[in-house]
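Quick notes on the structure that follows.
Numbering (this note's numbering), first residue to last: 746 to 1271.
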């Protein structure tokens, strides 16, 4: 089951076990069950503290492997085969169940331990989803700390009947005590804020007490990380406030044009960025959404005020806005109604849920053609709909897509409506722009890949100048029209939205902010 090199690596990890761990198997006669059985015994052979118990009555869902600490009575379950992106989740479950310390602040551990209700978590995932492991691992850590929390990872591809019954069409989808808790990426902090209703107020109070920053970066993507590093290296007080660290990079599966790195993934790059930022003692405030900014010139204390949706207010001598962009929507009838019910924006995450079905990709740029190529290996058929008369993707991608027998590319196609049965997508309608004829395609999934929209809605009431497209207008030093406020990355007017360009723009804006600071007297404390 496991390659020899992986066994050796896992054996080294398991040396960190401090207490016994049981792998409890509940199996059926499926191929997945046989592989899960083989995996469990291979793991047990690597360390004496790991044992296997076969008990088909331990779980109603089969096949499943529970990772149990028999002393603390904690357990985490893996329904299906936890390989692919979820193999890391299994390894961490073993280590945390066996007493290996977690990389969590003690205050977070105490908060999890204090939850005084029974919480049954079911996280439906796909093994190709790069967002799913973060959610699975967050709940698993909670389950390893608090025995009243039971966490289950469920591979949607292995439990298609359950996925169909619950009408799950996006991953990760999380149920808590039988009710839908959330979809998409969720951090441990976000989860705790939802489960512990008093957490948000405590966090807001803590943020309000923070001393003013010299540079406060709003946004935690590549531009924000670069800006924070460049600012902190100047020896000035630097903070980052972001909804999630990594930004849209977290939703990028394969990165092959990041100079000096032949290939990496978005989550891996984002983790490296965060670790780099943390080396400089930057104050990172994640899971915080900014709702407004008031320039220093318009406040009594001479600091820019950054208002958060939690109610907290942060202050800083200068601000660098790097809130990035998000996927553009089609804005046609049916899109919102069937969002996560057949309309999706991440082919890597949600593609496996459409195995053997007919799908469409909207957009003929690099992201659209890459999505079509990836989906073609999973689904029955992919139709690419491109508004223009030519594809904008790199020629190497176009050649690959055109060579695949289950990909059709239709140009001059304007999507007009997403069609469904009230529960899920059943088709899509588009206008042939050559003839104005309305045509219809029957399908189960639609993946939207038509570019980006800057995340600047929160600036509409500010004095920061925006273009008609909503991008922040910037000068040569990353400066906006407002003194002390800078901007960088995909949220700005800079052309060519690329990770490497965003990083350079973040560094430039940070240097611009530092130049501003040394030329501007600090506010006088009152």
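All C-beta atoms, glycine included, are put in the ideal place defined by N, C-alpha and C.
Range covered by the alpha helix (DSSP H) that runs through residue i
{"i": "residue 800", "result": "It is not in any alpha helix (DSSP H) - residue 800 carries neither H nor E in the DSSP assignment."}
{"i": "residue 781", "result": "776–789"}
{"i": "residue 1119", "result": "1111–1121"}
{"i": "residue 889", "result": "877–890"}
{"i": "residue 1248", "result": "1244–1264"}
{"i": "residue 854", "result": "851–858"}
{"i": "residue 758", "result": "749–759"}
{"i": "residue 907", "result": "905–910"}
{"i": "residue 1020", "result": "1011–1023"}
{"i": "residue 836", "result": "832–842"}
{"i": "residue 1007", "result": "Careful: residue 1007 lies outside any alpha helix (DSSP H) and carries neither H nor E."}
{"i": "residue 1143", "result": "1140–1148"}
{"i": "residue 948", "result": "944–953"}
{"i": "residue 974", "result": "967–977"}
Alpha-carbon to alpha-carbon, residue j and residue i
{"i": "residue 938", "j": "residue 1028", "result": "20 Å"}
{"i": "residue 897", "j": "residue 1222", "result": "49 Å"}
{"i": "residue 1099", "j": "residue 905", "result": "10 Å"}
{"i": "residue 1156", "j": "residue 796", "result": "58 Å"}
{"i": "residue 840", "j": "residue 934", "result": "21 Å"}
{"i": "residue 932", "j": "residue 1124", "result": "30 Å"}
{"i": "residue 1110", "j": "residue 1138", "result": "4 Å"}
{"i": "residue 784", "j": "residue 845", "result": "21 Å"}
{"i": "residue 760", "j": "residue 792", "result": "7 Å"}
{"i": "residue 1078", "j": "residue 940", "result": "34 Å"}
{"i": "residue 1193", "j": "residue 1074", "result": "7 Å"}
{"i": "residue 817", "j": "residue 762", "result": "14 Å"}
{"i": "residue 1003", "j": "residue 967", "result": "12 Å"}
{"i": "residue 794", "j": "residue 769", "result": "14 Å"}
{"i": "residue 1158", "j": "residue 1201", "result": "29 Å"}
{"i": "residue 1069", "j": "residue 838", "result": "33 Å"}
{"i": "residue 964", "j": "residue 764", "result": "41 Å"}
{"i": "residue 1127", "j": "residue 1001", "result": "24 Å"}
{"i": "residue 1023", "j": "residue 1233", "result": "20 Å"}
Beta-carbon spacing of residue i, residue j below 9 Å
{"i": "residue 1047", "j": "residue 1230", "result": "no"}
{"i": "residue 1025", "j": "residue 1037", "result": "no"}
{"i": "residue 1008", "j": "residue 991", "result": "no"}
{"i": "residue 746", "j": "residue 787", "result": "yes"}
{"i": "residue 868", "j": "residue 899", "result": "yes"}
{"i": "residue 873", "j": "residue 1096", "result": "yes"}
{"i": "residue 702", "j": "residue 1254", "result": "The requested residue 702 does not occur in the structure, where the chain is confined to residues 746 to 1271."}
{"i": "residue 888", "j": "residue 866", "result": "yes"}
{"i": "residue 1152", "j": "residue 1121", "result": "yes"}
{"i": "residue 987", "j": "residue 928", "result": "no"}
{"i": "residue 1082", "j": "residue 1165", "result": "yes"}
{"i": "residue 836", "j": "residue 823", "result": "no"}
{"i": "residue 1217", "j": "residue 1240", "result": "no"}
{"i": "residue 1117", "j": "residue 1065", "result": "no"}
As assigned by DSSP and simplified to three states, the class of residue i
{"i": "residue 898", "result": "strand"}
{"i": "residue 863", "result": "coil"}
{"i": "residue 767", "result": "strand"}
{"i": "residue 1090", "result": "coil"}
{"i": "residue 1159", "result": "strand"}
{"i": "residue 936", "result": "helix"}
{"i": "residue 995", "result": "helix"}
{"i": "residue 1099", "result": "helix"}
{"i": "residue 1202", "result": "helix"}
{"i": "residue 916", "result": "coil"}
{"i": "residue 1236", "result": "helix"}
{"i": "residue 829", "result": "helix"}
{"i": "residue 1070", "result": "strand"}
{"i": "residue 1042", "result": "helix"}
Limits of the unbroken beta strand (DSSP E) element including residue i
{"i": "residue 1184", "result": "1182–1187"}
{"i": "residue 1053", "result": "1049–1053"}
{"i": "residue 1059", "result": "1058–1066"}
{"i": "residue 1130", "result": "1126–1130"}
{"i": "residue 822", "result": "819–824"}
{"i": "residue 1037", "result": "1035–1039"}
{"i": "residue 1173", "result": "1170–1177"}
{"i": "residue 811", "result": "809–814"}
{"i": "residue 963", "result": "958–963"}
{"i": "residue 925", "result": "924–928"}
Buried/exposed call for residue i, threshold 16 Cβ in 10 Å
{"i": "residue 775", "result": "exposed"}
{"i": "residue 834", "result": "buried"}
{"i": "residue 1263", "result": "exposed"}
{"i": "residue 926", "result": "buried"}
{"i": "residue 1060", "result": "buried"}
{"i": "residue 1237", "result": "buried"}
{"i": "residue 1292", "result": "Nothing in the structure corresponds to residue 1292, since the chain is present only between 746 and 1271."}
{"i": "residue 909", "result": "exposed"}
Residue i at chain B interface by Cβ criterion, 9 Å
{"i": "residue 1138", "result": "You won't find chain B in this structure, because it holds only one protein chain."}
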